[in-house]
Each structure stands twice: as structure tokens, then as C-alpha cells.
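> Under the numbering used here, the letters of the sequence shown match residues 471 to 878, in that order.
Beta carbons are placed, not taken as given, at the ideal position from N, Cα and C, and that holds for glycine.
For reference, the structure I am asking about is given below.
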Amino acid sequence: QQLSETKCLKVVCSLEKCSDGAFITSACRSDGNGGEGGGNSRDSYDHQEGLHLEKLRRALLAGILQINFEIRIDLCIPVPHTLCMPLVSPSNNLSSEALGTFIIVIFGVGSVNTAVTTGAQAGLWQVAVVWGFGVTIAILCTAEASGAHLNPAVTLAFLLVRQEASFGCRGRNASIKALLYVVAQMAGAIIGGVVNLALFGETIAAFERMNNIERGANGSERSAMVFGEYYPNPGFSGSPFKAGDVSTFQAMCIEAWGTCVLCFVIFMLTHPRNPVLGEKNRPMVPYFIGFTVASLISLYAPLTQAGWNPARDFGPRLVAAAAGWGRIAIPGPRGGFWVYIVGPLIGGPIGAFLADAFAFASLPEKAEVRSGRRGSEEKHRTERKILQGEDSGPNHQRIAMKPRVQHV
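Structural data, given as C-alpha cells:
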């Protein structure tokens with residue numbers, strides 16, 4: 471009755487952290503003002519020790535009153551998993567995606583620069599190994615902040631297959647967050663391309679001079695390949711390939727296939743039912759993903775240069791177009807720049823779906839989901855019951871709150 475008479479109630483709740491990491495509401499104080507009648511209709515209601523936040527939420531949901539919560543605490547307090555909660559602040563998510571993609575371009579595309587223009591890398595495998603370690607380092611640097619997608623194809627795969635576990639929400643909010651991830655990845659790739667151009671610009675010019683390559687003319691893809699990708703690999707042209715030996719459709723299928731395998735491995739390694747690695751060996755996941763990238767490059771780089779990542783290709787390709795390669799960069803010799811965008815975007819979600827739909831289907835999911843979800847389904851059901859007022863057991867007094875971290 472007192473709550474229903476109070477038109478506006480301002481509540482400040484103090485929280486206490488328990489030894490197991492849970493948060494409980496230890497005390498609340500309030501200041502209520504009746505909406506009509508001004509100060510004369512003021513109705514204060516002092517909440518006793520132990521008045522819990524979920525009771526006020528139920529009052530809010532029932533439309534009894536409007537509440538403005540002020541919770542002064544530095545830690546992020548999770549809300550029901552059906553609502554959108556960023557892993558950390560959105561700016562950190564996006565800056566981490568940009569940074570990780572930047573690292574991939576610096577290491578991976580940088581290794582192509584040194585191999586093509588100076589011959590420093592002896593053979594394809596050395597380039598592939600540098601690529602793999604570059605991917606591993608990028609994941610290790612950014613996984614805690616954003617989940618380390620670092621690839622629009624991987625972001626699309628998570629959006630379609632593990633939307634809530636990866637983005638913390640569903641529907642339109644998840645789509646917007648995924649789009650922002652892609653924008654950040656593109657920004658990081660472009661910056662990486664600019665840095666590579668600044669560092670290797672003179673060696674690229676020397677390579678063109680030595681091989682009589684006119685930048686922007688037919689045949690200059692031999693130097694443009696240090697930014698974007700071409701099919702067949704210009705570094706292998708003539709031995710054994712000629713320009714038409716790899717068709718545009720075949721190149722797209724190769725890019726789709728390689729990205730399918732990559733995403734299949736990523737989703738298998740991070741699958742909640744995969745018991746192979748165990749909690750102690752989870753930090754090895756970035757290394758296995760990097761090894762997968764290196765292996766795929768060693769297999770398919772002679773055919774398409776093995777992109778698997780639209781941001782890695784299109785970002786530096788834009789830099790090449792602005793640096794004098796023009797139509798050789800975009801749209802490319804056979805107008806095939808889109809191959810490295812469409813192919814991975816098709817293959818990535820397919821590999822992710824195969825991993826989640828068919829792998830470990832007969833095994834029970836662990837109580838604590840290791841792919842970054844908030845816990846077991848039973849825990850989710852308990853929290854929802856408490857917040858909806860359907861549970862009066864001991865869990866009504868305390869809800870264990872754990873931050874959501876997406877490990878790739």
C-alpha cells in the first residue's frame with residue numbers, strides 16, 4: 471500500500487560482495503515524492519535492511535511506480551541474459567577489434583611484403599608461420615576485451631550461430647553490434663595497410679624497378695599482391711599457372727572452403743561440449759587457431775593467396791588503390807576483388823553451423839559453459855524466476871553474478 475501511494479521513488483542500494491564473488495543487496499534507502507499535490511503529498515518510505523532489488527523490479531514491472539536506480543559501483547553488474555550487455559565498454563570492444571585486425575595485417579601482410587620484395591622468407595611455409603603467429607598474438611591481445619573476432623566472416627558466423635553467447639544480446643541489437651565490429655575491423659586493416667606502405671614503400675618501388683613493373687598497369691599485380699590478393703597467386707604465375715588457370719568462381723569456392731574450415735575449427739575448439747582441452751589448456755586455443763591459419767595458407771596460397779578474411783584483404787587493397795595501383799587493386803584484373811569478400815562470408819557461417827549443429831550432439835553440456843556464457847541453463851532459469859517473483863527459496867536472497875567473457 472505504501473509503494474502504491476508513492477508516485478516517484480528514488481532508491482539508492484548499497485551492495486556487498488560475498489566471498490564467492492556474488493553480490494547481494496545489503497541495504498536500500500529511498501526518498502519518495504508524490505507526483506500530484508507537490509510537497510504536501512510527500513510520502514517517505516524507509517526500506518529496512520535486506521530489502522532486495524528484485525522486489526523493486528517486480529514493482530516496476532507491475533507498473534506500480536517508476537524507479538530511478540543509482541548503483542554506485544565500479545564493477546559491471548550483469549542483468550538477465552536476455553538483455554544486451556557488452557562484455558566491457560563498447561568503445562573497448564571496438565578498439566580491441568581494430569587493434570587485433572591491425573596486428574594481423576602488420577604481421578601477416580608484412581610477411582608477404584618481405585617475402586615478395588626482398589626474398590627474406592625462404593618458401594611459402596615461412597610466410598604461413600608468420601601469418602599464424604600474427605593471428606595468435608592478435609587473439610591473445612584482444613580476446614578478453616571483444617572476443618577476438620578480427621574477421622568479418624567470423625563475426626557473421628557468431629551472429630548467425632552463437633549470437634547471444636558472443637554479443638550478449640539478440641536481434642537488432644546484436645546485428646548493430648556485429649556491424650560495428652566489422653567497421654572497427656576494417657579501420658584496423660586500413661591503418662595496418664598504411665603502416666605497411668610507409669615501412670615498405672621504398673622496397674616495393676625497388677622491386678618494381680628491378681622487374682620493370684609499371685604501377686597501375688597490367689602485370690603490376692605482382693607488386694600489388696603485397697596489399698590485396700589475386701588468383702592465381704602472381705608469385706606463382708607461369709610456373710605452373712597461367713592467368714586463366716584459376717577461374718573467378720573457383721577462387722570464390724576456394725575462399726569459401728578455407729574460411730569454412732577455419733570457422734569450423736574455431737567453433738569446435740570453443741564449443742561448450744568439447745572436453746578435449748579442459749579449463750587448464752584453454753589458453754592454447756589461440757595457438758591452435760593460428761596453426762590452422764598457417765596450414766590453410768600453405769595449402770591454398772598458390773591458388774588464391776589464401777585470404778579467409780574480408781577485412782585483411784579489402785582494407786589494404788583500398789590503400790593500394792590510393793597509392794597508385796588504381797584499377798589493378800579495385801576492381802582487380804578480372805574484376806574479382808569481391809571474391810575475397812563474398813567467399814569468406816559464405817564459408818564462415820557454414821563451418822560454424824556444422825560445428826555447433828553436429829559436433830558433440832550426444833554429449834551433455836557442462837554446467838559451466840566455457841565458451842563465455844553466464845553459466846548453466848539451470849542457473850539462468852533460477853535467475854529468471856527470482857526476477858519475476860516466482861521463487862521464494864534461498865536463492866531469492868542472493869544471485870551469483872559472474873562477468874561474461876568470450877574466449878576465442
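Are the CB atoms of Pro780 and Leu815 within a distance shorter than 8 Å?
Position 345 of the sequence shown, counting from 1, holds the residue named residue 815. Position 310 of the sequence shown, counting from 1, holds the residue named residue 780. In contact: Leu815 and Pro780 (Cβ atoms closer than 8 Å).
> Once the 5 residues before and after Thr762 are set aside, which same chain residues still bring their CB inside 7 Å of it?
Here residue 762 refers to the residue found at position 292 when the sequence shown is read from its first residue. Leu732, Val735.
> Expressed to the nearest angstrom, what Euclidean distance is found between the alpha-carbon atoms of Trp778 and Glu699?
The sequence position of residue 778 within the sequence shown is 308, counting from 1. The sequence position of residue 699 within the sequence shown is 229, counting from 1. Roughly 11 Å separates the two Cα atoms.
> For my contact list, Leu620 and Ile574 are in at a C-beta cut-off of 8 Å; report their separation, rounded to the angstrom.
In the sequence shown, the residue the question calls residue 620 occupies position 150. In the sequence shown, the residue the question calls residue 574 occupies position 104. Indeed they touch by this definition, with Cβ atoms about 6 Å apart.
> Whole angstroms is fine: what's the gap from Ser953's alpha carbon to Lys712's?
A question about residue 953 goes unanswered here, because the residues of the chain that appear run from 471 up to 878.
> If you drop the 5 nearest sequence neighbours on each side, which residues of the same chain put their C-beta closer than 7 Å to that of Thr584?
Stepping through the sequence shown from its first residue, residue 584 is reached at position 114. Contacts found: Ala590, Gln591.
> Residue range of the alpha helix (DSSP H) that Thr673 falls in?
Numbered from its first residue, the sequence shown carries residue 673 at position 203. Its alpha helix (DSSP H) spans residues 641 to 680.
> Quick one: what does DSSP say Phe711 is sitting in, helix, strand or coil?
Locating residue 711 in the sequence shown gives position 241, counting from the first residue. Looking at Phe711 - three-state DSSP - the assignment turns out to be strand.
> By DSSP, does Met695 sit in helix, in strand, or in coil?
Taking the sequence shown and counting its residues from 1, the one referred to as residue 695 is at position 225. Note: Met695 maps to coil in three-state DSSP.
> Assign Ile674 to buried or exposed, taking buried as 16 or more other Cβ atoms, counted over all protein chains shown, within 10 Å of its Cβ.
As a working mapping, residue 674 is identified with position 204 in the sequence shown. Under this definition Ile674 is a buried residue.
> Under 8 Å: do the segment 712 to 722 and the segment 787 to 807 share three or more Cβ pairs, one atom per stretch?
Output reads yes: the segment 787 to 807 touches the segment 712 to 722.
> Kindly indicate which residue of Asn682, Pro704, Tyr757, Arg752 has the alpha-carbon position closest to the one of Trp601.
Within the sequence shown, residue 601 is the residue found at index 131, counting from 1. The option with the nearest alpha carbon to Trp601 is Tyr757.
> Count the other CB atoms, across all protein chains shown, that sit within 10 Å of the CB of Gly714; report buried if there are 16 or more and exposed otherwise.
Position 244 of the sequence shown, counted from the start, is the residue given in the question as residue 714. It counts as exposed.
> Go through its chain and collect everything with a Cβ distance to Arg782's Cβ below 8 Å, but skip five positions before and after it.
Stepping through the sequence shown from its first residue, residue 782 is reached at position 312. Correct list, in chain order: Thr571, Ile574, Val575, Gly578, Val579, Asn621, Ala659.
> Would you report the Cα separation of Ser768 and Pro753, rounded to the nearest angstrom?
Against the sequence shown, residue 768 aligns to sequence position 298. Against the sequence shown, residue 753 aligns to sequence position 283. Approximately 25 Å, taken between the alpha carbons.
> With a 10 Å radius around its C-beta and 16 neighbouring C-beta atoms as the bar for buried, classify Phe748 as buried or exposed.
What you label residue 748 is simply residue 278 of the sequence shown in a count that begins at 1. Here residue 748 turns out to be Gly, not Phe, going by the sequence shown. Label assigned to Gly748: exposed.
> Could you tell me the distance, in whole angstroms, from the CA atom of Ala776 to the CA atom of Ala623?
Residue 776 sits at position 306 when you count from the first residue of the sequence shown. Residue 623 sits at position 153 when you count from the first residue of the sequence shown. Near 14 Å, if we compare the C-alpha coordinates of Ala623 and Ala776.
> Could you check the C-alpha separation between Ser645 and Leu629 for me, to the nearest Å?
Here the question's residue 645 lines up with position 175 in the sequence shown. Here the question's residue 629 lines up with position 159 in the sequence shown. Straight-line Cα distance between these residues: approximately 7 Å.
> Going by DSSP in three states, Glu749 sits in which element: helix, strand or coil?
As a working mapping, residue 749 is identified with position 279 in the sequence shown. Helix at Glu749.
> According to the Cβ coordinates, are Ala829 and His741 closer than 8 Å?
The sequence position of residue 829 within the sequence shown is 359, counting from 1. The sequence position of residue 741 within the sequence shown is 271, counting from 1. Yes.
> Within 10 angstroms of its Cβ, does Gly671 collect 16 or more other Cβ (buried), or is it exposed?
Position 201 of the sequence shown, counted from the start, is the residue given in the question as residue 671. Gly671 is exposed by the Cβ-count criterion.
> Taking DSSP as the reference, what is the three-state secondary structure of Asn583?
As a position in the sequence shown, residue 583 is number 113, starting the count at 1. Reduced to three states, the DSSP call for Asn583 is helix.
> Determine the closest residue to Ala825 out of Phe784, Asn744, Phe637, with distance taken between C-alpha atoms.
Here residue 825 refers to the residue found at position 355 of the sequence shown. Ranking the options by Cα distance to Ala825, first place goes to Asn744.
> Quick check on this structure: which residue in Val665, Tyr701, Gly705 has the alpha carbon closest to the alpha carbon of Glu725?
For the purposes of this step, residue 725 is identified with residue 255 of the sequence shown, where counting begins at 1. The shortest C-alpha separation from Glu725 is found at Tyr701.
> Report yes if the C-beta distance between Ile759 and Ile661 is below 8 Å; otherwise report no.
To locate residue 759, count along the sequence shown from 1; it is residue 289. To locate residue 661, count along the sequence shown from 1; it is residue 191. No, these two residues do not count as a Cβ contact at 8 Å.
> From which residue to which residue does the alpha helix (DSSP H) around Gln596 run?
What you label residue 596 is simply residue 126 of the sequence shown in a count that begins at 1. 594 to 616 is the extent of the alpha helix (DSSP H) around Gln596.
> Quick one: Cα of Ser690 to Cα of Gly728, how far?
As a position in the sequence shown, residue 690 is number 220, starting the count at 1. As a position in the sequence shown, residue 728 is number 258, starting the count at 1. Computed Cα separation, rounded: 26 Å.
> In or out: Gly663 buried (at least 16 other Cβ within 10 Å) or exposed?
Residue mapping note: residue 663 aligns to position 193 of the sequence shown, counting from 1. Under this definition Gly663 is a buried residue.
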